[in-house]
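A.B. asks: Supplied in structure tokens, the structure appears directly below.
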Amino acid sequence: MRPICSKTKKIRQALSIFNYLHTYIDMCIQNLLRIFLMLGLLCPTVGWAQIVGGPQYVSEAVIQDGFALFTRGQVAPIVASKQDYAGVDRAIRNLQTDLSKVTQANADIVYDQIPKGKKSIVLIGTLGKHPLIDQLVKNKKLNISDLPGKWETFSIQTINKPFSNVDKALVIVGSDKRGTIFGAYDVSSQIGVSPWHWWADVPVKTKSAIYIKVGAYTQGEPKVKYRGIFINDEAPALSGWTKEKFGGFNHQFYEKVFELILRLKGNFLWPAMWGNAFYDDDPLNASLADEYGVVISTSHHEPLMRAHDEWRRYGKGGKWNYATNDSTLREFWRQSIKRMGNNESVVTLGMRGDGDEPMTQGTAIELLEGIVTDQRKIIVETTGKPIQKTPQVWALYKEVQDYYDKGMRVPDDVTLLLCDDNWGNIRKLPKLDAKPHSGGYGIYYHFDYVGGPRNYKWLNTNPLPRIHEQMSLAYTYGARQIWVVNVGDIKPMEFPISFFLDLAWDPTRIAPDQVQAYSEQWAAQQFGGTYAKEVANLLAKYAKYNARRKPELLSPDTYSLFHYREAETVVKEYNALLVQAEKINTSLPPQYRDAFFQLVLHPIQACANLNELYYTVALNRLYAKQGRSATSSMAEKARALYQRDSEISEYYNKTLTNGKWSHMMDQTHIGYTYWQQPTQNKIPDLSTYEAPTAAKMGIAVEGNALARTDALDPLVLPTFYAQTPEIGHYLDIFNQGKTSFTYQISSTANCLQIDPQQGKIENEQRIEIRVDWSKAPRGYTRLPLLIKASTGQEISVYLDVQNNLSPELANYKGFIETDGHVSILAEHHTQAIESPALKWQQLPDIGLLAGGVTTSPATASIKNPSSSTPRLEYSFYSSKIGEIRINALFSPTLEFNESSGLRYAISIDDGPIQTINLHQDKSNQAWERSVANNIRSLFSTHVLTQAGPHTLKYWAIDPGIVLQKFVIDLGGVKNSYLGPAESPRKDLLISPNSKQ
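Counting from 6, one number per residue, gives the positions in the sequence shown under the numbering used here.
Below is the structure:
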């Protein structure tokens, strides 16, 4: 061996110092990141790993002085302890399996000893349950200052020279059982194993090496104590799948559920309950839940750990009625508490009627208070523990909230589980000035529901921005003890489930403008980073489109065929989304396509097809009324789309992953006639038209359901406006017979662009008409079109052209009236006036069409709006003089603050400020309309004293209101579902927020 020269030694010393400094600086940066995360000081551009999961600490590249978890074909051995919890051991073994999938090498597990000859080891365990980890703490080699007494907290640290014969250790240590489990699964996630690897067949990408960066990593303590899901409304999809794959809702099924919940860092489950009984169906269900570390509770109408179906099975001693059968019910419940034993549980108190119905007519406060008192006695007598040692929850669901509102109370140690309205709108939150409640508050939320105005169970209809807004509101008002969400069949709610549980860990670390970043990182976790942005957009858009009108609520009449090209635009948007999804699908490596189909392509494919089906049925019915020969071809197309719907579901059930998800798409979704689902899908009724042999020309124009075959009562196209030069209109030339004919269109006006101007008609032809504004006459003009057919028919159609851009209007900065209205998206305000106590918060992508605006903080309010209080201003130009009507559109938020309704104020220019109650109509019909339309619409009337520029002013009063859009009706707003598109803006620059 050649001796090392002094120059080489100096170089190596310099490199060693450089590497030390690099490592030290990196460690300082990581520590600063953690401090900034805790203080909420990171800027919105920080990636999802920092926002949601803490700093990334895993690298495939070599890290100097980092911990080599996998290198040169070897995985560092894992050292566990037999003294630790069985659930921790399960998580460690799952991590072992995950490492094998990622590295294609085996990771050894040894217990309570350091493996001989190994210089690098992984220690995983719980404080006080792993002697070797406790030894490191005692010797002050492991810093656990943030762990003792903390709930579900973990720390992942790299340590040099932990023991005399070991060079490096990676320590994954938890403050308690689930803290350790979450630490193990955090490593699994960061090395590249998605929590959805089994439930959505997300593949695992192999790595050539795995290094852990130097430092200590944690996600801190969860902000919400119990975070979980409710498997509900599980027939026919999940029930059919579990029966075929596992033989029912037994421990083999629940093992998959428990692992999923823990991988997502949840800890809480309301089990499947319709015809199922968690404890009774399989005695291993409950013991395995406790072993895994999943806290079991029962739903809002299943008291004292009894499944609803158990009363059908064993309740032979009378009716489910405490007033007449109290002793039988007490014994029934006593046995279930005895059966619960020491399993970690949250016991549901109270009582609803049999079958999740109201218990009695009226508000039976005295009866229910007595029931709760007796139930708590049963808990104490059966467990032998003080009542405070058994966590309990009282769900204020539906009419039970009425009991609370009218004065019923439960003991202070009981968690009050507040609820949404089953449609994602929270009904009640704690009062800001309420006295402390030691049991805390929680939220029961819905991604899936059976009930009025209609079930929604088929596919995901829950946009993340709305979940974020409502659950962040809940957290701000102190609902932090339990977050549980009804997820139906689990699939296909994968994406919103991930978001709900990630948000529950710490609602403060995902800001409204970081939801998109979260989506991109979630997409990258499942499919890699190449198409993460595109996939995130697909996920966001299909949920937004589904939220406009849930699939079960769609009908041929939902979207307008005549105004604003609404129906065809909805279909085009969804089909464009499908084209994008299919393009990405073909670009992905083949191993990702099953997961991509489940998580992205299938819902887009199925919903695009469904929307086109209803649109086609609507055209079929219209064509029959107009006497179009294409009526039958539209009926054929509708039947094909209906058949395509069943083929998409059949592929999911029978072909995808070799039938792994058989029955998972059995849910019916076409053919609703009332709130309950149909027993089978049924195609909407189709119309027929018997076309004669002879050709006959018919004309229909945009905006009019009538058609003409003669020159009487000419049709008029919608008006063309110079303010919107890109917008054209159309007319349809169609055949009422079976024989073809030719046509030619002529006009005396040289400013019209007609495409096509002549042609041959077999069934129909759409003619697009635009205006060349450089040739258009000034002012208002009605122009003629003459359509001649080889049938001998000559039919005139007229169009109006408004070319009135005056110098004043040409230089105006603001929204400009067209077609008798001004439509304005809330986020496009001209000016935002704020105060030190109240700011305006943009909520990207929360609306049916775009984003929305709310006030911040969500606890601030204004008593009396005035010229000095916060407001949004919108500049618009109108030629109208006199009375106008403003339609303000809001997210369907409820009066969560126990008020008589949430209020806002509105005015025009310096006119009177009108205060309006968002909930002035408290009827069930108004609520059904708002949730079905996913919008709450309020009208106010105002007077314009002169034509020209004006300012609409929107004043803040109550918190929690999410404004989406204004439509100023100047006499021209037409019937449609989504309303007119946003009006043109002339050189409008949205100003920075100004303060007053």
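Built from N, CA and C at the ideal position, the CB exists for glycine as well. Treat the numbers as computed from the prediction; the structure is a model and nothing was measured.
Which first and last residues belong to the beta strand (DSSP E) in which residue 575 is found?
C.D. replies: Unbroken run through residue 575 is the alpha helix (DSSP H), 571-592; no beta strand (DSSP E).
A.B. asks: Which runs of the beta strand (DSSP E) at least 3 residues long sit entirely within the region 168-239? Give them in chain order.
C.D. replies: DSSP runs (the beta strand (DSSP E)) wholly in the region 168-239: 171-179, 215-217 and 231-236.
A.B. asks: Once DSSP output is grouped into helix, strand and coil, what is the label at residue 409?
C.D. replies: The answer is helix: DSSP assigns residue 409 an H, G or I state.
A.B. asks: Going by beta carbon distance, what residues of the same chain come within less than 8 Å of residue 353, once the five residues before and after it are set aside?
C.D. replies: Around residue 353: 302, 303, 304, 305, 307, 308, 309, 310, 397, 398, 399 and 400.
A.B. asks: Using C-beta distances below 8 Å, list every residue in its chain close to residue 680, excluding the 5 sequence neighbours before and after it, in chain order.
C.D. replies: Closer than 8 Å at Cβ, skipping near neighbours: 456, 457, 458, 459 and 460.
A.B. asks: What would DSSP say about residue 29, mapped onto helix, strand or coil?
C.D. replies: Annotation note: pLDDT 42 at residue 29 (below 50); position unreliable, coordinate value reported separately. DSSP places residue 29 in helix when its eight states are reduced to three.
A.B. asks: Helix, strand or coil for residue 974? Go by DSSP, reduced to three states.
C.D. replies: Of the three classes helix, strand and coil, the one that applies to residue 974 here is strand, per DSSP.
A.B. asks: Judging by CA-CA distance, which residue of 826, 811 and 494 is the nearest neighbour of residue 727?
C.D. replies: For the residues 826, 811 and 494, the minimum Cα distance to residue 727 belongs to 811.
A.B. asks: Would you call the region 471-488 and the region 428-436 touching, i.e. three or more CB-CB distances under 8 Å?
C.D. replies: Verdict: yes, contact present.
A.B. asks: Could you have a look at residue 1003 and say whether DSSP puts it in helix, strand or coil?
C.D. replies: Lying before the first or after the last residue shown, residue 1003 is absent from the chain, which here runs from 6 to 1001.
A.B. asks: With distances taken from CA atoms, which of 814, 775, 779 and 274 is nearest residue 235?
C.D. replies: Ranking the options by Cα distance to residue 235, first place goes to 274.
A.B. asks: Leaving aside the five residues before and after residue 739 along the sequence, list all residues of the same chain whose C-beta is less than 6 Å from its C-beta, in chain order.
C.D. replies: Excluding residues within five positions, the ones whose Cβ falls inside 6 Å are 633, 703 and 769.
A.B. asks: Below 8 Å, how does it come out for the region 217-236 and the region 504-516: are there three or more Cβ pairs, yes or no?
C.D. replies: Touching, per the Cβ criterion.
A.B. asks: Could you check what DSSP says for residue 1028 in three-state terms: helix, strand or coil?
C.D. replies: Residue coverage of the chain in this structure runs from 6 to 1001, which leaves residue 1028 outside it and unanswerable.
A.B. asks: Apart from the five residues on each side of it in sequence, which residues of its chain come closer than 6 Å, Cβ to Cβ, to residue 1000?
C.D. replies: Legend: pLDDT at residue 1000 = 41, less than 50; position of this residue unreliable, no value from coordinates given.
A.B. asks: Report all residues from its chain with a CB closer than 8 Å to the CB of residue 666; omit the five preceding and five following residues, and keep chain order.
C.D. replies: These residues qualify, in order along the chain: 246, 496, 603, 657 and 658.
A.B. asks: Could you give the uninterrupted runs of the beta strand (DSSP E) lying entirely in the region 85-120, keeping only those of 3 residues or more?
C.D. replies: Runs of the beta strand (DSSP E) inside the region 85-120: 114-116.
A.B. asks: DSSP state of residue 760, grouped into three classes?
C.D. replies: Correct three-state label for residue 760: strand.
A.B. asks: Give every residue of the same chain whose Cβ lies closer than 8 Å to the Cβ of residue 19, excluding the five residues on either side of it in the sequence, and list them in chain order.
C.D. replies: Only weak support is given to the placement of residue 19: the predicted model assigns it a pLDDT of 45, under 50, and the value that follows is read from those uncertain coordinates. There are no such residues.
A.B. asks: Below 8 Å between beta carbons: does that hold for residue 239 and residue 277?
C.D. replies: In contact: residue 239 and residue 277 (Cβ atoms closer than 8 Å).
A.B. asks: Curious, which full-length alpha helix (DSSP H) runs of at least 4 residues does the region 442-472 contain?
C.D. replies: If we require 4 residues or more, the region 442-472 turns out to have no alpha helix (DSSP H) run fully inside it.
A.B. asks: Can you tell me whether DSSP reads residue 432 as helix, strand or coil?
C.D. replies: In this structure, residue 432 counts as coil in the three-state DSSP scheme.
A.B. asks: Would you call the region 124-133 and the region 163-183 in contact, with 3 or more CB pairs under 8 Å?
C.D. replies: Counting Cβ pairs under 8 Å, three or more are found: they touch.
A.B. asks: Measure from the alpha carbon of residue 266 to the alpha carbon of each residue in 183, 253 and 336, then state which is nearest.
C.D. replies: Measuring from the Cα of residue 266, the nearest candidate turns out to be 183.
A.B. asks: Using 8 Å for Cβ pairs, my map puts residue 723 next to residue 864. What's the rounded Cβ distance?
C.D. replies: Actually they do not touch by this definition, with Cβ atoms about 46 Å apart.
A.B. asks: Could you check which residue in 340, 280, 326 and 299 has the C-alpha nearest to that of residue 3?
C.D. replies: Any question about residue 3 goes unanswered here, given that the chain covers just 6 to 1001.
A.B. asks: Is the region 734-754 touching the region 693-702, taking contact as three or more C-beta pairs under 8 Å?
C.D. replies: These segments touch.
A.B. asks: Along the chain, where does the beta strand (DSSP E) that runs through residue 639 open and close?
C.D. replies: Note, residue 639: premise wrong, no beta strand (DSSP E); alpha helix (DSSP H) at 636-655.
A.B. asks: The alpha helix (DSSP H) that contains residue 858, what's its start and end?
C.D. replies: Taken as a continuous stretch (DSSP letters only), residue 858 belongs to no alpha helix (DSSP H), being part of the beta strand (DSSP E) at 857-861.
A.B. asks: With residue 402 and residue 449 assumed to form a contact (beta carbons below 8 Å), what rounded beta-carbon distance in angstroms separates them?
C.D. replies: Going by Cβ atoms, the distance from residue 402 to residue 449 rounds to 7 Å, so yes, they are a contact pair.
A.B. asks: Just the Cα atoms here: how many angstroms apart are residue 340 and residue 254?
C.D. replies: Cα to Cα, the separation comes out at about 22 Å.
A.B. asks: In terms of residue numbering, what span does the beta strand (DSSP E) encompassing residue 702 cover?
C.D. replies: Looking at the DSSP string, the run of the beta strand (DSSP E) that includes residue 702 is 702-706.
A.B. asks: Should the region 487-503 be called in touch with the region 915-922, which here means at least 3 C-beta pairs below 8 Å?
C.D. replies: No, because fewer than three Cβ pairs between the region 487-503 and the region 915-922 fall closer than 8 Å, the two stretches do not touch.
A.B. asks: If contacts are defined as beta-carbon pairs under 8 Å, then residue 675 and residue 643 qualify, I think. What distance do you get, rounded to the angstrom?
C.D. replies: That belief does not hold up - the Cβ atoms of residue 675 and residue 643 are roughly 11 Å apart, past 8 Å.
A.B. asks: With DSSP collapsed to three states, give me the class of residue 568.
C.D. replies: Note: residue 568 maps to coil in three-state DSSP.
A.B. asks: Just to confirm, are residue 291 and residue 297 a CB contact at a threshold of 8 Å?
C.D. replies: Their beta carbons are not under 8 Å apart, which means residue 291 does not touch residue 297 by this criterion.
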